[in-house]
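Enquirer:
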Amino acid sequence: MDIYRFCKVVTIVSVILLFVSVALLFLFELPSDIATAKTKNVPEESTNWKNMSEERTNWEDKYAVVFDMASSANRLHVYRFGENLKVLHMGEAIELFVQQKPGLSALAGHPKKAAKSLIPLLEKAKTVIPPKLWKKTPVIVGATAGLETVGINAAEKILQVVRHMLEKRSSLLSHSEWTSLVNRTQEGAFQWVTINYLFGKLGQTHADTVGVLDLGDSSVVMAYAISEGDATKAPKVSEREESSVQNLLINATSYDIYVHSYLHYGLLAARAEILKVGNNCMLSGYKGTYRYGNKKYNASATSSGTNYTKCKTDVVKGLNFSKPACTRTKCTNWHKNLFLTSLFFDKAYETGFVDPKTGGVAKVKASDFEDAAKHACSLNMKYAEKEYPSLSYDSLSFLCMDLVYQFILLRDGYGKFIHHCIYKQKGSIYYLELTLDFLFLCRCGSLSRDEFGEKGAIQRFLCRGSLASWKSNSRLVAFKMR
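Each step along the sequence shown adds one to the number in this note's numbering, with nothing skipped, and position 311 is 598.
1) Identify whether I427 lies in helix, strand or coil by the three-state DSSP scheme.
2) Please check the pair E543 and A518, which I expect to be a contact at CB under 8 angstroms, by giving their CB distance rounded to whole angstroms.
3) Hey, how far is the Cα of A671 from the Cα of F640?
4) Check the C-beta distance from K604 over to S587 and give it rounded, since I have them as a contact under 8 angstroms.
5) Could you tell me which uninterrupted alpha helix (DSSP H) segments, each at least 4 residues in length, are contained entirely in the stretch 545 to 607, listed from first to last along the chain?
6) Below 8 angstroms between beta carbons: does that hold for T593 and K583?
7) Using the C-alpha atoms, what's the distance from L394 back to Y692?
8) Find out if the Cβ-Cβ distance for the pair S571, M668 is shorter than 8 angstroms.
9) Would you check if there are 3 or more beta carbon pairs closer than 8 angstroms linking the stretch 411 to 424 to the stretch 454 to 464?
10) Look at the alpha carbon of S392 and the alpha carbon of Q386, and state the distance between them as a whole number of angstroms.
11) Going by alpha carbons, who is nearest to F384 out of Q533, G429, D655 and F354?
12) Rounding to the nearest angstrom, what Cα-Cα distance links K767 and C598 in this structure?
13) Per DSSP, N483 is paired with what?
14) What would DSSP say about H420, mapped onto helix, strand or coil?
15) Quick check on DSSP: helix, strand or coil for H397?
16) In whole angstroms, what separates the C-alpha of R362 from that of Y350?
17) Can you list, in chain order, the residues of its chain whose CB lies under 6 angstroms from that of R450, leaving out five sequence neighbours each side?
18) Using the beta-carbon count (16 or more within 10 Å), is G396 buried or exposed?
19) In angstroms with no decimal places, state the Cα-to-Cα distance between H364 and S591.
20) Can you find the residues in the same chain that come closer than 6 angstroms, C-beta to C-beta, to A512, ignoring five residues on each side of it along the sequence?
21) Identify every residue that forms a DSSP beta bridge with I445.
22) So which of G438, R471 and V352 has the shortest CA-CA distance to T424?
23) Can you tell me where the alpha helix (DSSP H) with A512 in it begins and where it stops?
24) Per DSSP, what are the beta-bridge partners of S531 in this structure?
25) By alpha-carbon positions, which one of R558, M452, F368 and A441 ends up nearest to L420?
26) Going by DSSP, what residues sit across from S541 in a beta bridge?
Have a look at this one:
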């Protein structure tokens, strides 16, 4: 099992929402170039955004504003496009990125307040866009699975107020269909494309590609290519499920991508499910509550303190792999390679068994998730603060639970096929920030690989026909299963 880490690479990976293609098509129809700018996620004060917005203000520049509404935060991305999608560097940045917590789901019962919470981000976006281009700049809002956890009706009420706010107050170009919930099936398929593109697998047979298992805040999304024969035999789904086989044509190679999204199995959602069972995973000395969606849970540690064995029991009960949502883990044989992304990396990095500060290759075992969990569960809050000074107080309190959950998820949820991992580091940057510029995927056209620059990889898929694009602001680590 390999853990790959792209360093000094600020690329945008995973989903920007299928419907953003509508806005991009609008940009292409305008009689001028499209320009984009590249950004490391650096502190705002280190970048003079006002000067950047004035660097190239001719009428040929085009901008796009994207709001990523996740369960834990609202994230703003502003992009600038040029002729033939040429990257225009503005200092060290290719995008303006701003994150605001909490996410819209925390304001589920207050749609107007939720919409107003986006206004500061909106105003920030306008500071980097020349005023004369505001009316030509599309603004797209995509809500991921986290918002859906508050209920479809509540989520739609929030989005409806957001649509109205954008129309009346944004000064930017908006259409109601550009504000929507993300389809998790499409999200998984496009993430599969992104990962396989980054590792040079596209164009190969389905057996030579890699699968993706992404651990997000609210859901776990699994995606991997299957044979045409297996695609015809893929499990049938009920109306409430979102399993799907997506057919993609890339570089004249057809892929059937099997995707399944497990809602409520993301890391933040799992915390709530586990706390319903008990508090044996909370670090000794912690007192507090946990909010997920519109509910609060008692998260105080038990009087007897943290207990690894009892925590594992709580996690197994909370996950409940026997319930209908988890009875189907695959529709055919697994690939030999499966990449685990996002929050798997965070915990491996935070606890040090994946250490980006050591150059070259570091070999670890997947059981180190369990070893790290046992160690974390043996600590109280006082000692945990000393051992993990970079973690927030609340993050520390869940460290035992999070690590146990990830290990059990891999062991029981996806089979006992984890053996060895190799961590590879390139460059000298000790953090990972993957945000892939706009990637364009066409179902009926061609797909070409663009240059990898010195400061990072800028990928773009140039297609004919309908366009789809996606984004992600999540850290990526890939565990290759053998």
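All C-beta atoms in this analysis are idealised placements derived from N, C-alpha and C, irrespective of residue type, glycine included. Note that the coordinates shown come from a computational prediction; the quantities given were computed from them, not determined experimentally.
Expert: Here's the rundown:
1) For this step, residue 427 is matched to residue 140 along the sequence shown. Correct three-state label for I427: strand.
2) In the sequence shown, counting from the first residue as 1, residue 543 sits at position 256. In the sequence shown, counting from the first residue as 1, residue 518 sits at position 231. Going by the sequence as given, residue 543 is Asp instead of Glu. Indeed they touch by this definition, with Cβ atoms about 4 angstroms apart.
3) Within the sequence shown, the letter at position 384 stands for residue 671. Within the sequence shown, the letter at position 353 stands for residue 640. Rounded to whole angstroms, the separation of the alpha carbons of F640 and A671 is 16 angstroms.
4) Counted from its first residue, the sequence shown places residue 604 at position 317. Counted from its first residue, the sequence shown places residue 587 at position 300. Actually they are not in contact, since the Cβ atoms of K604 and S587 sit about 19 angstroms apart, beyond 8 angstroms.
5) 554 to 564 and 595 to 606
6) The residue labelled residue 593 in the question sits at position 306 within the sequence shown. The residue labelled residue 583 in the question sits at position 296 within the sequence shown. In this structure, K583 does not lie closer than 8 angstroms to T593 by Cβ.
7) On the sequence shown, position 405 is the one that residue 692 refers to. On the sequence shown, position 107 is the one that residue 394 refers to. Rounded to whole angstroms, Y692 to L394 spans 27 angstroms at the Cα level.
8) In the sequence shown, the residue the question calls residue 571 occupies position 284. In the sequence shown, the residue the question calls residue 668 occupies position 381. Taking 8 angstroms as the Cβ cut-off, S571 and M668 qualify as a contacting pair.
9) yes
10) For the purposes of this step, residue 392 is identified with residue 105 of the sequence shown, where counting begins at 1. For the purposes of this step, residue 386 is identified with residue 99 of the sequence shown, where counting begins at 1. When rounded, the distance between both Cα atoms is 15 angstroms.
11) In the sequence shown, residue 384 corresponds to position 97, counting from 1. Considering only alpha carbons, the answer is F354.
12) Position 480 of the sequence shown, counted from the first residue, corresponds to residue 767. Position 311 of the sequence shown, counted from the first residue, corresponds to residue 598. With a pLDDT of 31 at K767, under the threshold of 50, the predicted position of this residue should be treated as unreliable, though the coordinate-derived value follows. Rounded to the nearest angstrom, the two C-alpha atoms are 28 angstroms apart.
13) Residue 483 sits at position 196 when you count from the first residue of the sequence shown. N483 pairs with nothing; no bridge assigned.
14) Position 133 of the sequence shown, counted from the start, is the residue given in the question as residue 420. The amino acid at residue 420 is misidentified as His; the sequence shows Leu. Three-state result, L420: helix.
15) Counting from one through the sequence shown, the residue named residue 397 turns up at place 110. H397 falls in the coil class under three-state DSSP.
16) Looking up residue 362 in the sequence shown gives position 75. Looking up residue 350 in the sequence shown gives position 63. Those two C-alpha atoms are separated by around 17 angstroms.
17) One-based indexing of the sequence shown puts residue 450 at position 163. Within the same chain, R450 has close Cβ partners S463 and T466.
18) Here residue 396 is taken as the residue at index 109 of the sequence shown, counted from 1. G396 comes out exposed.
19) Reading the sequence shown from its first residue, position 77 is the one you call residue 364. Reading the sequence shown from its first residue, position 304 is the one you call residue 591. Each residue's alpha carbon lies about 46 angstroms from the other.
20) Residue 512 sits at position 225 when you count from the first residue of the sequence shown. These residues qualify, in order along the chain: H493, T496, Y542 and I544.
21) Here residue 445 corresponds to residue number 158 of the sequence shown, with the count starting at 1. DSSP lists no partner for I445.
22) Along the sequence shown, read from residue 1 onward, the residue named residue 424 stands at position 137. Per the Cα distances, V352.
23) Working through the sequence shown from its first residue, we reach residue 512 at position 225. Premise fails: A512 lies in the beta strand (DSSP E), S506 to I513, not in any alpha helix (DSSP H).
24) To locate residue 531, count along the sequence shown from 1; it is residue 244. The partner list for S531 (beta bridge, DSSP) reads V546.
25) Here residue 420 is taken as the residue at index 133 of the sequence shown, counted from 1. The shortest C-alpha separation from L420 is found at F368.
26) Counting from one through the sequence shown, the residue named residue 541 turns up at place 254. For S541, which the question treats as bridged, DSSP gives the partners L536.
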